[in-house]
Amino acid sequence: MVSVIDRHTITATIDPLGIALDVTEALLSLDESRAPYAEMTLTAAFPTASDMQLIDITTQTLRVSGEIRQDFGIIWNLATLTAAGGGSVSAITDFGGVSPSSITNRLFGSWNPRARASQTRSFDLYIVERVFDTNERSLTLVAQSDEAVMINDTRVASTALDPETQDIPTIVQSVLTRYGATLEAGAAAGTVAEAEATLWEPGTRAWDYLDDFLEAASLRVWSDENRKWYLSERQTLTAGHLTITPSNGMVDHSDSMAYDPRSYFDAVVVEYRWSDVDGVSQIAYDHAGNTVPRSALTLKNENTVYPGPGAAQGLLDRMTGRGRVIDVEAVSRYNATPGQAVTITPPSGFDQNGFLVSVEWRLPDAEMAVKTRNLTTRPVTTWLSPLLALFSISDLTTIGGGSVATLTAIPGDDLTAITNALEDESSGVEWDELSAGVSWDTFLEPI
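Following the working numbering, the numbering of the sequence shown begins with -17 at its first residue and continues without gaps.
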């Protein structure tokens, strides 16, 4: 395995104060199964006395923005270009021509035989906590994506707010307008089943108000790490495909299963209790799954109008495929995103295909931890399946002599043994009968 030389760095600034931080440690995580979706904890060098006075989150809204990046060579900036041209535009033109790529080729110095493009991940997060440690002479910030604003927002009034619509995107946007935010294009559609469930009661947090009927519709509202708001299905697919193997950066691998309602269940019961307009106590239940469960999740919602069925089934659907969890640590890749397809090759055993639930990057370790869902096993023999169609059932019967036990005795994981046995009896096409012009790609199963 060829070693790759790289450098992982982070830049961060407190906005709108413009205070640049000297970051010593950072942890940034994205998780589709929680709110807020993004969370960062970073530690930086102790600020100046004047900056300490300014970093007050109780009197103003403060944010931290910047990027984490992975570089594979010496990157150039405007100062480098100016120095190369001696401050002369004509000298710069003669140096690199008018093409940005030609300038990059002259100034970029790769640390590896093959040049690789840098990877970056930007962020713009809402600061929810700051700590000055005078002993360690450090500043620690905790920042989250903008759901943190909605989670703490509350209806402060003496009467309920009636949105006068049961259209979910319209109701969600009316709440986001309070923060000057707008849903991104392509918002999921949906309708609240019960009009009474659309009332935003005094003292109710904005997040709880929306989540009660969003859960029933199997939808979620969320903000990414760059303040973009989405209304989508609870589990969404994201472009891209991540592959992690022992030979391309895997550091650690664990494979676990649990039948515990905190991590896995096969039935759900959701209880709703509320008082109607006449002050009469009401109760309703939503349920899904096995009627004799091995492990069940029970949720009780007080002072919550029944929004219609769907929440229990949605919770159960999202749990499907999570009884088995593969946790992987690897060298950080900053294009990893929850919802992406992932293929994990364990140190031993078959490949696992699934989707990312969460990714957590750590600096200066330059390592990431990922969690997955909806895992399926991709046996080593999967690529062989199209070729096995060339052999007949009678071939297998002959190999086994009509005995299942004898047939089973053929080493199931040994491709050579299976091939040799089938070739000896095959009435179909032999391996060496394939045309010389046929590529192996013809028989490979696409991932």
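Note that CB positions come from ideal geometry on N, CA and C, so glycine has one too.
Give me the residue from Q35, A266 and W189 with the minimum Cα distance to V154. W189
Work out the CA separation of T30 and R216 for me, nearest whole Å. 44 Å
Taking T(-9) as the reference, give the member of R45, I50, P18 and S257 with the closest Cα. I50
How far does the beta strand (DSSP E) with F54 in it reach, from first residue to last? Neither: F54 is in no beta strand (DSSP E) and is coded neither H nor E.
Distance CB(L121)-CB(T25) smaller than 9 Å: yes
What does the Cβ neighbour count give for D106, buried or exposed, with the cut at 16 atoms within 10 Å? buried
Neighbour-count burial assignment, M22, 16 or more Cβ in a 10 Å radius: buried
Short of 7 Å in beta carbon distance, which residues of its chain neighbour E178, apart from the five on each side in sequence? Order them along the chain. V287
With respect to the beta strand (DSSP E) encompassing S257, which residues constitute its N-terminal and C-terminal limits? A249 to S257
Whose CA, out of N208, V110, A2 and P228, lies closest to the CA of D38? V110
Which same chain residues, not among the five before or five after L313, have their C-beta less than 6 Å away from its C-beta? Reading off the sequence, residue 313 comes out as Val, not Leu. Result list for V313: G231, in chain order.
Tell me which same chain residues have a C-beta within less than 6 Å of the C-beta of G271, skipping the five on either side of it? D248, A249, V250 and L298
Just how far apart, CA to CA, sit L397 and G331? Confidence is the limiting factor: at L397 the pLDDT is only 48, short of 50, which leaves the residue's position unreliable and the question unanswerable from this model.
Going by CA-CA distance only, name the one from S15, A27, R276 and Y19 that's closest to A431. Shown here, the chain extends from -17 to 429; a query on residue 431 therefore has no answer.
Comparing the C-beta of Q42 with each C-beta of chain B, is any distance below 9 Å? Checking the listed chains, one finds no chain B in this structure; it contains a single protein chain.
Collapsed DSSP secondary structure at S263 in the structure displayed: strand
Which class does E438 belong to by DSSP, given the choice of helix, strand or coil? Not covered by the structure: residue 438. The range shown for the chain is -17 to 429.
Measure the alpha-carbon distance for A278 versus D206 and round it to whole angstroms. 31 Å
Considering V110, what are the terminal residues of the beta strand (DSSP E) in which it resides? Q101 to D115
Rounded to whole angstroms, how far is the Cβ of T354 from the Cβ of V339, which I believe are closer than 8 Å? 6 Å
Contacting residues, own chain, Cβ-Cβ under 8 Å from N208 (five flanking each side not counted): S104, F105 and D106
Buried/exposed call for R119, threshold 16 Cβ in 10 Å: exposed
Nearest CA to the CA of T102: which residue from F54, Y191, N134 and I(-4)? F54
Which residues in the same chain have their Cβ closer than 7 Å to the Cβ of W182, if we skip the five residues on either side of it in sequence? R137, A142, L143 and Y191
Extent of the continuous beta strand (DSSP E) run through A26: A20 to A27
Relative to the C-alpha of T327, which residue among R315, V310, G321 and A318 is closest? V310
Check whether D194 and T173 have beta carbons under 9 Å apart: no
DSSP puts F337 in a beta bridge; with which residues? A323 and R355
Cut-off 6 Å between Cβ atoms - residues of its own chain near Y161, not counting five sequence neighbours on either side: V131
Does DSSP classify G296 as helix, strand or coil? helix
Mind checking whether R187 and A17 have CB atoms under 9 Å apart? no
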